[in-house]
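Please read the structure below before turning to the comments.
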Amino acid sequence: MSLKGILQGLGKLITKKAKPSQATGQQQKLITYTPETKKLPVTEVVKKDLVPVNPRLQTGDLQMGEKVQPLFGSSTYDWVMRKGPGKYTADEWIDHLTSSRKVKFKIFGQPTSRIERAPKQFTYDSGRYSGKTATINKEELFDSNVAIFDEAGELAGGLLSAAKKYNLKLSAQDVGNFLRGNPANRLKAVTYSDDAIQNFNYKAPLENSLGIVQTVKRQFPAMGERFDTLTMHLNTIERGIMNGIRNDVKEGYRAFSGELRGILQANVGTEARRQLNAMKGAVDEVYAKATGARSATKPTQYRNETNYTLQGGQNYKETVFVLDEPIATNTSPMKNMGHFSDLKNNLFHLRYDVRTTPNGKKAFVIHEIQSDANQNIAKSLTAKEAFGPNARYNPFQKEIETRLLIQQRNKLLENVDNLTDADVAALQTVNKQIAQLRGISARGQDYYPMLDSDAYGDYALKYLLNKAAKEKIDFVAVMPFDKLHFRQGYKAGNERFYGYASGKGINKKGKSVMADLMKKTANFQDSKAGPIKISLSDPSKPYKVIETNTFKYPKNHALGPKEFKSVYHEDAVVNPTKGYKRVLNNDPNLYFDAFAVEVKPGMAYTQKLYKREGGLVVDIFKPLC
Numbered sequence: 005m006s007l008k009g010i011l012q013g014l015g016k017l018i019t020k021k022a023k024p025s026q027a028t029g030q031q032q033k034l035i036t037y038t039p040e041t042k043k044l045p046v047t048e049v050v051k052k053d054l055v056p057v058n059p060r061l062q063t064g065d066l067q068m069g070e071k072v073q074p075l076f077g078s079s080t081y082d083w084v085m086r087k088g089p090g091k092y093t094a095d096e097w098i099d100h101l102t103s104s105r106k107v108k109f110k111i112f113g114q115p116t117s118r119i120e121r122a123p124k125q126f127t128y129d130s131g132r133y134s135g136k137t138a139t140i141n142k143e144e145l146f147d148s149n150v151a152i153f154d155e156a157g158e159l160a161g162g163l164l165s166a167a168k169k170y171n172l173k174l175s176a177q178d179v180g181n182f183l184r185g186n187p188a189n190r191l192k193a194v195t196y197s198d199d200a201i202q203n204f205n206y207k208a209p210l211e212n213s214l215g216i217v218q219t220v221k222r223q224f225p226a227m228g229e230r231f232d233t234l235t236m237h238l239n240t241i242e243r244g245i246m247n248g249i250r251n252d253v254k255e256g257y258r259a260f261s262g263e264l265r266g267i268l269q270a271n272v273g274t275e276a277r278r279q280l281n282a283m284k285g286a287v288d289e290v291y292a293k294a295t296g297a298r299s300a301t302k303p304t305q306y307r308n309e310t311n312y313t314l315q316g317g318q319n320y321k322e323t324v325f326v327l328d329e330p331i332a333t334n335t336s337p338m339k340n341m342g343h344f345s346d347l348k349n350n351l352f353h354l355r356y357d358v359r360t361t362p363n364g365k366k367a368f369v370i371h372e373i374q375s376d377a378n379q380n381i382a383k384s385l386t387a388k389e390a391f392g393p394n395a396r397y398n399p400f401q402k403e404i405e406t407r408l409l410i411q412q413r414n415k416l417l418e419n420v421d422n423l424t425d426a427d428v429a430a431l432q433t434v435n436k437q438i439a440q441l442r443g444i445s446a447r448g449q450d451y452y453p454m455l456d457s458d459a460y461g462d463y464a465l466k467y468l469l470n471k472a473a474k475e476k477i478d479f480v481a482v483m484p485f486d487k488l489h490f491r492q493g494y495k496a497g498n499e500r501f502y503g504y505a506s507g508k509g510i511n512k513k514g515k516s517v518m519a520d521l522m523k524k525t526a527n528f529q530d531s532k533a534g535p536i537k538i539s540l541s542d543p544s545k546p547y548k549v550i551e552t553n554t555f556k557y558p559k560n561h562a563l564g565p566k567e568f569k570s571v572y573h574e575d576a577v578v579n580p581t582k583g584y585k586r587v588l589n590n591d592p593n594l595y596f597d598a599f600a601v602e603v604k605p606g607m608a609y610t611q612k613l614y615k616r617e618g619g620l621v622v623d624i625f626k627p628l629c
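Here is the structure:
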């Protein structure tokens, strides 16, 4: 091919309007390249392509250059910005982000050595977190695609790998942009709450609808069975609302609508048709309020699922964290899964309510934190595999090497009129590599950010601490395993994750995941964490229905076959009621122990993304879920 033909091809490729990655969209600004919308001479394209990105504002810790405080921010971003002006090689960046040591050992009796990368820690020397230590987390590097390491600790993917491969230097702003582009920074919180329907009078319109059905039934006795079926579906809707089971409401309404449609197609006369249509309008309104249709507020779905929810709390809510953008290389780019299947790419959820301490303070109490997206993926991988280059393909790096290659190509074209044969050959190689990268397809497991249960547990905890600080809630606590989670049967993962009121984990030894996260967050926020007393039910309602669960540990458990009992309040009312026992506010039997973090005003500010630990040296057999 002639030089002219090569340059023409390059010009077309460079000036072609690039489609934003399905995975990243326009939110992730990669390096400094901005595609052009119209054809320009190659030299002009190159000149425009090399215009640097405007530097970000110098803002407070964790704000990542944003004027308005984000909910979450990156301490890794803060450390990267300490590198200062100029551009640095990939190796220089690795030295900045990790700590390395030479480990000597023998293979078949022969001495050898390897480089082992350990987590880099740094201390804030000023500002809100002065004196606090932060750690560069391997999962953040993976999710943001700054760097992916193989089991030998060598670069195997991500921005720094591409920079090293093509001998390119990067500024702090380049690396910082990738950290800001982490999909974990774009999670959206969708809350399900019964607030909007607490005072919802559904009985009157449903009772009126049942009356209309009976009235029309008497007029058309031959269709009696059909009207009885209609009555049954109306009763299903009412029971679903009473029990807080949204799926029953949906199913009852679907069946009701279908049956009524068939009745209206029959010859029932004008007046009966008018009554039935009016009834449908009333039922439609009930359905809309009960399910959150046409409303920003979604009613809760699992308030009465007693295997997962402890009765007795107030203001129960469910919050689902969603990545509302396609992940192009997954088996399904926008996937509905597990709980809260009405939301696409629902990564994990948090369920909690409000309870009271003996001295009248309020606490958000976590019932469950769970990831339907990542749970099965995590179970199939060790920590070594999870954040390595092969098991999961992170599509948010798809454009990394492409953009770097474009920069390399532009550098070669800086002196278009004096290209050597070697330059032409290099350009052909670069073009080939770009074409190959654009054909990358998915491999291994699906990718979602925050795979580690520690990571999404930490995110949910800090989200709730931030909310608590803004709403003047005093504590955030977690339901102990022996108060709630045993109801699902014995699951080691639940015992490890939620632990006991003491903060202990499996076998009541070591630390539970949540207690450990709470302690570290408390330390970073100048707070404290430990056991507190939490109410079983509303102290202002002294008459209770008291029930007891009994659980026996499996025989193969360290505590087996030991048995324990768990008391709970099925219901609480203000006035004396048959079958209800009076429990005064100062009665110790009104409370149970739970591990909690004290909420501090500073928690209303930006929270630190990712937990403190998470370096590059990991237990390769550590479960992630």
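When we follow the numbering used here, the leftmost residue of the sequence shown carries the number 5, and every step to the right adds one.
We put the CB at the ideal spot given by N, CA and C, even for glycine.
Nearest-angstrom Cα distance between residue i and residue j?
i	j	result
Ser-265	Gly-493	Looking at the sequence provided, one finds Arg at residue 265 rather than Ser. Each residue's alpha carbon lies about 44 Å from the other.
Glu-309	Ala-282	34 Å
Ala-426	Gln-432	10 Å
Gly-77	Asp-95	25 Å
Thr-610	Leu-164	27 Å
Ala-519	Ala-533	8 Å
Val-272	Phe-224	8 Å
Met-236	Asp-199	28 Å
Thr-233	Asp-288	18 Å
Ile-331	Asn-247	36 Å
Lys-487	Tyr-312	11 Å
Pro-362	Asn-553	23 Å
Ser-544	Arg-359	11 Å
Val-603	Tyr-81	26 Å
Ser-541	Glu-551	12 Å
Arg-230	Ala-286	20 Å
Phe-391	Leu-210	54 Å
Lys-537	Leu-66	33 Å
Ala-608	Ser-531	13 Å
Asn-498	Leu-455	17 Å
Is it buried or exposed, residue i, if we count other Cβ atoms within 10 angstroms and call 16 or more buried?
i	result
Ile-111	exposed
Thr-581	exposed
Ala-292	exposed
Lys-612	buried
Ser-268	The question names Ser, but residue 268 is Leu in the sequence shown. It is exposed - the Cβ of Leu-268 has fewer than 16 other Cβ atoms within 10 Å.
Pro-592	exposed
Asn-189	buried
Gly-162	buried
Arg-105	exposed
Lys-569	exposed
Ala-294	buried
Arg-413	buried
Gly-509	buried
Leu-588	exposed
Asp-147	buried
Lys-192	exposed
Go through its chain and collect everything with a Cβ distance to residue i's Cβ below 6 Å, but skip five positions before and after it.
i	result
Asn-350	Val-324, Val-326, Phe-344
Tyr-206	Ile-245, Val-290
Val-480	Phe-368, Leu-468, Leu-469, Ala-472, Val-601
Ala-259	His-237
Leu-354	Thr-323, Ile-373, Ala-464
Glu-48	Confidence at Glu-48 is low in this model, with a pLDDT of 42, below 50, so its placement is unreliable and the value that follows should be read with caution. Closer than 6 Å at the Cβ level, and outside the excluded window around Glu-48, lies no residue.
Tyr-128	Ser-134, Lys-136
Only counting the same chain, and skipping five residues up and downstream in sequence, which positions put a Cβ closer than 8 Å to that of residue i?
i	result
Ser-1	Residue 1 is absent from the model: the chain starts at 5 and stops at 629.
Lys-615	Asn-141, Asp-458, Ala-459, Asp-462, Leu-521, Lys-524
Leu-347	Val-194, Val-324, Val-326, Asn-340
Glu-263	Arg-230, Thr-233, Leu-234, His-237
Within the same chain, show all residues whose beta-carbon is closer than 7 Å to that of residue i, passing over the 5 residues directly before and after it, in chain order.
i	result
Asn-511	Ala-562, Leu-563
Ala-505	Pro-484, Pro-535, Asp-597, Ala-598, Phe-599
Leu-416	Asp-427, Ala-430, Leu-431
Would you list the one or two residues that DSSP bridges to residue i?
i	result
Leu-214	None; Leu-214 has no bridge partner.
Arg-396	Gly-448, Gln-449
His-353	Val-324, Gln-374
Ser-175	Lys-91
Tyr-572	Glu-551
**Asked** Using 8 Å as the Cβ pair cut-off and three pairs as the minimum, do the stretch 181 to 196 and the stretch 128 to 142 touch?
**Response** no
**Message:** Whether or not the stretch 511 to 523 and the stretch 571 to 585 are in contact is what I'm after, with contact meaning three or more pairs of Cβ atoms, one per stretch, closer than 8 Å; do they touch?
**Reply:** no
**Prompt:** Is the number of C-beta pairs between the stretch 216 to 223 and the stretch 362 to 373 that are closer than 8 Å three or more?
**Reply:** no
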